[in-house]
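Beneath this line is the structure, given in structure tokens, with notes to follow.
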Ligand SMILES: Nc1ncnc2c1ncn2[C@@H]1O[C@H](COP(=O)(O)OP(=O)(O)O)[C@@H](O)[C@H]1O
Ligand SMILES: [Mg+2]
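Chains as they are written, first to last, in the working numbering: chain S, 112 to 475; chain D, 8 to 300.
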């Protein structure tokens with residue numbers, strides 16, 4: 112290679128060197144796609160009669176949808192460099208607020224849901240403000256929020272209903288339309304689907320559009336990659352972070368309402384423990400724990416892997432306790448695969464940069 | 008040297024961080040098509056001064072003029088909008104992001120309207136290649152992560168970005184600090200190139216030889232105060248080194264002269280190379296300008 116630094120752009124051959132494989136390896140979601148294939152093939156071999164066909168697809172999709180919605184929001188937040196441990200319990204809080212206000216205070220379900228949304232966004236805003244103002248790790252700040260909400264969910268529900276659940280949500284005004292909009296059953300090709308999956312797909316596309324195709328996406332990657340550097344070139348990193356916390360809380364609200372209209376009730380323990388599942392799905396999808404890298408499609412596929420495992424374990428007839436062990440193994444494999452593919456991709460680009468520098472140095 | 012009106016000027020600026028006096032009564036200016044070097048030891052206040060110039064900090068006291076009018080910037084963005092671009096020591100590039108995303112970060116070109124307004128990726132990729140090629144850097148793949156590039160290339164990207172976005176003043180905070188001789192030469196080349204395009208350049212460095220190779224005027228800071236501004240004619244390289252290294256402090260003189268003498272040797276070799284490189288570049292530059300016009 113004797114291309115000089117000032118030669119015309121015939122040097123495109125080095126792009127070709129990277130090749131299709133290299134470009135694929137550079138995508139953050141490559142590990143998730145491989146993982147999804149492996150898991151799908153595994154269950155297709157073990158339990159083909161349940162697995163292959165639209166019936167299996169419907170079950171898998173149902174099991175992944177709300178998890179997927181949360182995973183993409185959490186992925187955006189993680190790309191922006193932060194965590195939200197209160198995201199799971201927030202789905203419960205939102206569902207409970209909407210349920211309690213409509214059944215106990217007699218509000219129209221839509222009004223109750225709107226108040227729940229306002230509350231969720233407020234919590235997201237407070238999470239974000241605390242993180243950016245105190246400089247504390249979001250892990251700690253949102254852990255506090257998690258415990259506060261977890262306690263309040265049970266406390267308030269018991270206080271108002273003497274139970275740990277809110278039932279009869281389907282009897283309130285506005286419920287029917289809300290169910291139509293947020294989460295209802297439809298039949299496609301003879302199989303029953305919950306419409307949350309449409310929300311999931313649409314939101315994945317919107318999140319991907321934002322990340323890849325808008326200046327907002329650039330700002331999110333930059334904020335997670337190096338918030339200070341981003342600020343220095345005029346990116347409002349603080350606002351970006353707060354907006355991402357609010358987005359996560361907003362997604363939790365959506366899932367909370369979806370649960371309300373589907374189950375016609377809300378339980379005080381809803382969502383506890385799910386926060387880690389969201390994070391793991393995002394990591395499987397290629398998000399780095401350190402921020403600045405990842406994809407929404409990856410997170411959606413990460414959620415799909417969980418959906419497959421949950422359904423597959425039931426189909427095969429194994430005890431469902433094993434689901435969590437599966438979760439742990441998947442996380443470990445995902446992190447290793449991501450590490451490997453990223454290192455591979457980076458080694459390639461570094462080798463190119465080095466080759467170039469050496470050619471430069473070799474010139475007189 | 009042109010005696011044009013300064014692009015930017017500070018008059019008797021002071022800056023306190025709590026009880027730390029980072030800058031005390033500093034006056035400084037840069038004119039179009041001029042490289043003004045800001046010299047001084049670690050902690051002298053160089054970074055603080057340029058952070059005031061670029062809107063990161065506000066001065067505690069003193070006045071700041073841009074193109075003759077008094078200004079007060081509340082953020083780097085405001086300074087950037089007026090044409091003051093800063094390439095920070097810590098670069099303000101995001102290592103994990105591709106070149107084209109980095110290049111346009113904070114000033115993304117868009118197309119479409121309303122909810123379909125989007126970051127014009129094709130334009131960004133094309134432009135980044137063209138702009139870097141103009142500076143003599145041929146990137147094959149604008150999708151390459153910036154973190155995988157060499158230090159000199161990264162500095163050059165940051166400078167090319169500032170020039171592309173129409174900077175009138177280019178502020179460079181120790182752009183050559185972490186670089187080898189060859190790479191430093193590349194960056195010095197762009198400093199001269201920016202100057203010949205009519206920009207005012209504020210060039211911060213520890214290295215008197217880098218400064219002397221490209222500078223028109225020199226301001227030396229020491230413990231937050233200025234020891235004066237000198238033109239190249241007024242200040243020999245040896246004197247500059249003496250002023251910078253604090254050799255005027257009597258008790259330290261002998262020790263420091265020894266130190267300088269020892270450093271001089273390696274530094275002279277380095278310098279010889281840089282000078283050679285620069286002469287070559289300037290030649291090439293003249294040729295280029297000749298063909299462009
Ligand atoms: N944000 C800050 N807060 C407190 N002190 C600072 C801050 N920035 C700089 N200083 C102090 O101001 C002095 C000058 O620092 P700086 O401008 O970074 O020097 P230089 O760039 O010349 O090495 C140092 O004593 C430094 O500790
Ligand atoms: Mg400094």
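Even for Gly, the Cβ is constructed at its ideal location relative to N, Cα and C.
What you are looking at is a predicted structure, and each value in this text was computed from that prediction instead of being measured.
With its beta carbon less than 8 Å from one in chain D, residue 324/S belongs to the interface. Those residues having their beta-carbon less than 5 Å away from any non-hydrogen atom of ligand 1 are, in chain order, 24/D, 27/D, 29/D, 49/D, 50/D, 51/D, 52/D, 53/D, 54/D, 55/D. Not one heavy atom of ligand 2 sits closer than 7 Å to the Cβ of residue 272/D. Taken through DSSP and simplified to helix, strand or coil, residue 293/D comes out as helix.
Following the DSSP letters along the chain, one finds residue 136/D in no beta strand (DSSP E) but inside the alpha helix (DSSP H) bounded by residues 128-141. The beta carbon of residue 181/D sits closer than 7 Å to at least one heavy atom of ligand 2.
Put simply, the CB of residue 89/D is far from chain S, with every gap to its CB atoms at 8 Å or more. 297/S is the residue among 297/S, 253/S, 400/S, 346/S whose C-alpha sits nearest the C-alpha of residue 373/S. The beta carbon of residue 343/S sits closer than 8 Å to some beta carbon of chain D.
Of the residues assessed, residue 381/S falls on the buried side of the cut-off, its CB having 16 or more other CB atoms within 10 angstroms. C-alpha of residue 419/S to C-alpha of residue 173/S: approximately 10 Å in a straight line.
Counted as a single uninterrupted DSSP element, the stretch harbouring residue 375/S is not any alpha helix (DSSP H), since DSSP gives it neither H nor E.
Minimum Cα-Cα distance from residue 286/S among the listed residues 219/S, 436/S, 363/S corresponds to 219/S. Of all residues in the region 101-113 of chain D, those with a C-beta nearer than 9 Å to a C-beta of chain S are 101, 102, 103, 104, 108, 109, 111, 112, 113, reading in chain order.
Sequence-distant Cβ neighbours of residue 416/S in its own chain, meaning closer than 8 Å and more than five residues away, are 143, 146, 147, 150, 392, 395, 441.
Separation of residue 229/S and residue 280/S (C-alpha to C-alpha, rounded to the nearest whole angstrom) is 20 Å.
For residue 31/D, there is no enclosing alpha helix (DSSP H); the residue is part of the beta strand (DSSP E) that begins and ends at 27-37. Contact of residue 204/D with chain S by beta-carbon distance below 8 Å is absent, the smallest such distance being about 18 Å. Residue environment: residue 244/S is assigned as exposed (fewer than 16 neighbouring CB atoms within 10 Å of its CB, all protein chains considered). For residue 198/S, same chain residues with a beta-carbon under 7 Å away, outside a window of 5 residues either side, are 181, 185, 359, 363, 386, 389 in chain order. In the displayed model, residue 43/D falls within a strand according to three-state DSSP. Counting every other CB atom within 10 Å of its CB across the protein chains shown gives residue 450/S a total below 16, marking it as exposed.
Considering only beta carbons, the part of the region 112-141 of chain D lying closer than 8 Å to chain S consists of 112, 113, 114, 115, 117, 124, 125, 126, 128, 136, 140, in chain order. Pairing residue 103/D with residue 404/S gives a Cβ-Cβ distance under 8 Å. Against chain D, the CB of residue 173/S has no partner CB under 8 Å away; the residue lies outside that interface.
Near chain D, meaning a CB-to-CB distance below 8 Å, the residues of the region 332-357 of chain S are 332, 333, 336, 337, 339, 340, 341, 342, 343, 344, 345, 346. Residues of the region 401-419 of chain S with a C-beta less than 8 Å from any C-beta of chain D: 403, 404, listed in chain order. Under the Cβ distance rule, residue 329/S counts among the residues neighbouring chain D, one pair being separated by less than 8 Å.
The beta carbons of residue 240/S and residue 353/S sit about 6 Å from each other, so the pair counts as a contact at 8 Å. According to the DSSP assignment, residue 276/S belongs to the beta strand (DSSP E) that extends over 276-278. Beta-bridge annotation (DSSP): residue 21/D is paired with 68/D.
When CB distances to chain S are screened at a threshold of 7 Å, the residues of the region 75-89 of chain D falling below it are 83, 84, 87, in chain order. Under the three-state reduction of DSSP, residue 416/S is assigned to helix. Against chain S, the beta carbon of residue 99/D has neighbours under 9 Å at 337, 339, 340, 341, 342, 343, 344, listed in chain order.
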